[in-house]
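Q: Just passing along the structure, written as structure tokens.
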Amino acid sequence: MAKAPDPAELLAGNPDAIAAFRKLLRAHIRGYFNRESQIHDVSHDALLDLLAKLDAGAQPKHVHYWVLNSANNAVRRELTRLRHQAIEYQSSVHGPRFDPADHASLLDAREDLRKINALLADCDEVPYRALAGAVEGRDHNEIAQELGISPGAARMTLSRARAALSDRFTAQQKIDQLILLARRAGLVGDAGPEPPSSATT
């Protein structure tokens, strides 16, 4: 990973620092949008977010992660705005004066909504990075600085991510246990090795 630009220089208004941070933001944001005007606007929104946090006293230790978090937040805001537009359009064409000629546009709006929802899910990387930080031994204050969020938000993010991970493993263990019992009872064929011992009683 290349050396990160200096946040202090960004706050001071150094043109080279501004260009460097804008480049980092655009590199991530262009993965979500095709239109140059949209990439420009979302990048500008994310840059203003970085400046506001620095002005409020933020001192990020892991600048690349901090910038990525700001980019994700800006992407999420824009996708949420587009999602509202798609939902409003679907509601309008389903109104009392629905024109069959609008059917193709409705299908386009539904496809846009599907893509937007997928992108929203994809850009929500904060819980995974918070968990990775915890695994590496960092506390919630360090994780908060890394991700550019408050310590309280970091603590809540970690708690929710751990709960989601626990639920996922618990659900998989229940499935493995049912498959194991079904095989032993002869209800299903033996399609492969038995589930690992963690699923046994």
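Counting in the working numbering, the sequence shown runs from 85 upward without gaps. Every residue, glycine too, gets a C-beta built ideally from N, C-alpha and C.
#1: In this structure, how does DSSP classify H168 when only helix, strand and coil are distinguished?
#2: If distances are taken between C-alpha atoms only, which option among L109, I227, P89 comes closest to D100?
#3: For the pair the stretch 238-245 and the stretch 161-168, tell me if three or more CB-CB distances fall below 8 Å.
#4: What do you reckon, are the CB atoms on H112 and A140 nearer than 7 Å?
#5: Give the secondary structure of I233 by DSSP, where H, G and I count as helix, E and B as strand, and everything else as coil.
#6: When you compare the CB positions of Q229 and K137, do they come within less than 7 Å of one another, or not?
#7: Excluding the five sequence neighbours on either side, which residues of its own chain have a C-beta within less than 7 Å of the C-beta of S127, listed in chain order?
#8: Would you please verify whether the beta carbon of A111 is less than 7 Å from any beta carbon of chain B?
#9: Is the beta carbon of I227 less than 7 Å from the beta carbon of A237?
#10: Expressed to the nearest angstrom, what Euclidean distance is found between the alpha-carbon atoms of N118 and S234?
#11: Do D129 and A158 have their C-beta atoms within less than 7 Å of each other?
#12: I need the straight-line Cα distance from E93 to E172, nearest angstrom please.
#13: Go ahead and label A214 buried or exposed: buried means 16 or more other beta carbons lie within 10 angstroms of its beta carbon, across all protein chains shown.
#14: Work out the CA separation of A142 and Q169 for me, nearest whole Å.
#15: With a threshold of 6 Å on Cβ separation, who are the neighbours of V151 within its own chain once the five nearest residues in sequence on each side are excluded?
A: By the coordinates alone:
#1: The count along the sequence shown starts at 1 and reaches residue 168 at position 84. DSSP places H168 within a helical segment (H, G or I) once states are collapsed to three.
#2: By 1-based counting over the sequence shown, the position of residue 100 is 16. Comparing Cα positions, the closest option is P89.
#3: no
#4: Working through the sequence shown from its first residue, we reach residue 112 at position 28. Working through the sequence shown from its first residue, we reach residue 140 at position 56. The answer is no: Cβ separation not under 7 Å.
#5: Start at 1 with the first residue of the sequence shown, and residue 233 comes out as number 149. When DSSP states are grouped into helix, strand and coil, I233 belongs to the coil group.
#6: Locating residue 229 in the sequence shown gives position 145, where the first residue counts as 1. Locating residue 137 in the sequence shown gives position 53, where the first residue counts as 1. Contact flag unset, no.
#7: What you label residue 127 is simply residue 43 of the sequence shown in a count that begins at 1. Answer for S127: R106, L109, R110, I113, listed in chain order.
#8: No chain B is present in this structure, which holds just one protein chain.
#9: Indexing the sequence shown from 1 puts residue 227 at position 143. Indexing the sequence shown from 1 puts residue 237 at position 153. No. Outside cutoff.
#10: Along the sequence shown, one-based indexing puts residue 118 at 34. Along the sequence shown, one-based indexing puts residue 234 at 150. Their Cα atoms are separated by approximately 32 Å.
#11: If you number the sequence shown from 1, residue 129 lands on position 45. If you number the sequence shown from 1, residue 158 lands on position 74. Contact check for D129 against A158 passes: the beta carbons are separated by less than 7 Å.
#12: Residue mapping note: residue 93 aligns to position 9 of the sequence shown, counting from 1. Residue mapping note: residue 172 aligns to position 88 of the sequence shown, counting from 1. Spanning the two alpha carbons is a distance of roughly 42 Å.
#13: As a position in the sequence shown, residue 214 is number 130, starting the count at 1. The residue is buried, with at least 16 neighbouring Cβ atoms inside 10 Å.
#14: As a first step, residue 169 is located in the sequence shown; it is residue number 85 there, counting from the start. As a first step, residue 142 is located in the sequence shown; it is residue number 58 there, counting from the start. Near 34 Å, if we compare the C-alpha coordinates of A142 and Q169.
#15: Counted from its first residue, the sequence shown places residue 151 at position 67. Once the five neighbours on either side are set aside, the close Cβ partners of V151 are L108.
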